[in-house]
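Enquirer: Residue numbers (the numbering used here): 1 to 233. Even for Gly, the Cβ is constructed at its ideal location relative to N, Cα and C. Computed from a predicted structure; not experimentally measured. Take a look at this one; I'll ask things after.
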């Protein structure tokens, strides 16, 4: 059964006067679609021509957006000794070993990103069913399993976005807030698309970015020109 949208949503739909927008036009348009009382997230949705069942086509990684995400990020680091001290000095919010493991065991996931040194992954493995569904399990591909915990913390605080395709090749990421300037949103979007294009698998056939759209948390989507997106490399 099709979802029915309210009057506010229908009014916003009337503002979308083109079938396809350039990225520059789209960031300007989504700012016109702001309607909520909170600072809505600007969301970029992509449909990629990949089959994640093949390991080489599982698109997963991270990118530090030039203007951040507009979100305050709470970072936890599971490390010990010198690495724990480095994490604290870099600005991590929660640092420890057994205390963080106890938090996770009790389902207390009071953090947005979890960073771990490689020697801690053996202890975290048993919590895969807790951390995995929340996207919190540290992974080398996203830079959250590393010996350079200080840089990982700085990246997370600076606006690092972690991403991965779902089973159908879809991906959704927040690239900023409605309060950002069009220039900030455009530069963040380009940085993200460039990263995705660089990760195109050699085995992926046909068009890589098949569909793309920009929207706010509470707005309809603005369809993007995928031919233009393919040019950002």
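Could you tell me the distance, in whole angstroms, from the CA atom of residue 200 to the CA atom of residue 168?
Expert: Distance between the alpha carbons of residue 200 and residue 168 is about 16 Å.
Enquirer: Which same chain residues end up closer than 8 Å to residue 74 when comparing Cβ atoms and leaving out the 5 residues on each side of it in sequence?
Expert: Taken in chain order, the residues that qualify are 93, 94, 110, 111, 112 and 113.
Enquirer: How far does the alpha helix (DSSP H) with residue 192 in it extend, from its first residue to its last?
Expert: 182-198 is the span of the alpha helix (DSSP H), which, as asked, contains residue 192.
Enquirer: If I measure Cβ to Cβ from residue 203 and keep anything under 8 Å in the same chain, skipping five residues before and after, which residues do I get?
Expert: Contacts found: 54, 56 and 57.
Enquirer: Let's test the definition: count the other Cβ atoms within 10 Å of the Cβ of residue 176 and tell me whether it reaches 16, buried, or not, exposed.
Expert: Its Cβ being crowded by 16 or more others within 10 Å, residue 176 is buried.
Enquirer: Quick one: using the 10 Å Cβ neighbour count with 16 as the cut-off for buried, is residue 215 buried or exposed?
Expert: Buried, by the Cβ-count rule.
Enquirer: Based on the DSSP secondary-structure assignment, which residues constitute the bridge partners of residue 223?
Expert: Answer by DSSP bridge pairing, in chain order: 213.
Enquirer: Which residue comes first and which comes last in the beta strand (DSSP E) that contains residue 108?
Expert: Careful: residue 108 lies outside any beta strand (DSSP E) and carries neither H nor E.
Enquirer: So, residue 174 versus residue 64, is the Cβ gap smaller than 8 Å?
Expert: Contact: no.
Enquirer: Going residue by residue through the stretch 46-94, where are the continuous beta strand (DSSP E) segments of at least 3 residues, counting only ones entirely within it?
Expert: Counting only runs of 3 or more, we get 60-64 and 75-78.
Enquirer: When DSSP builds the beta bridges, which residues end up paired with residue 161?
Expert: 63.
Enquirer: How about residue 49 and residue 164: do their beta carbons lie closer than 8 Å?
Expert: No, they are not a contact pair.
Enquirer: Following the continuous alpha helix (DSSP H) through residue 26, name the residue where it begins and the one where it ends.
Expert: Its alpha helix (DSSP H) spans residues 23-32.
Enquirer: Relative to the C-alpha of residue 155, which residue among 143, 191 and 147 is closest?
Expert: Nearest C-alpha to residue 155: 143.
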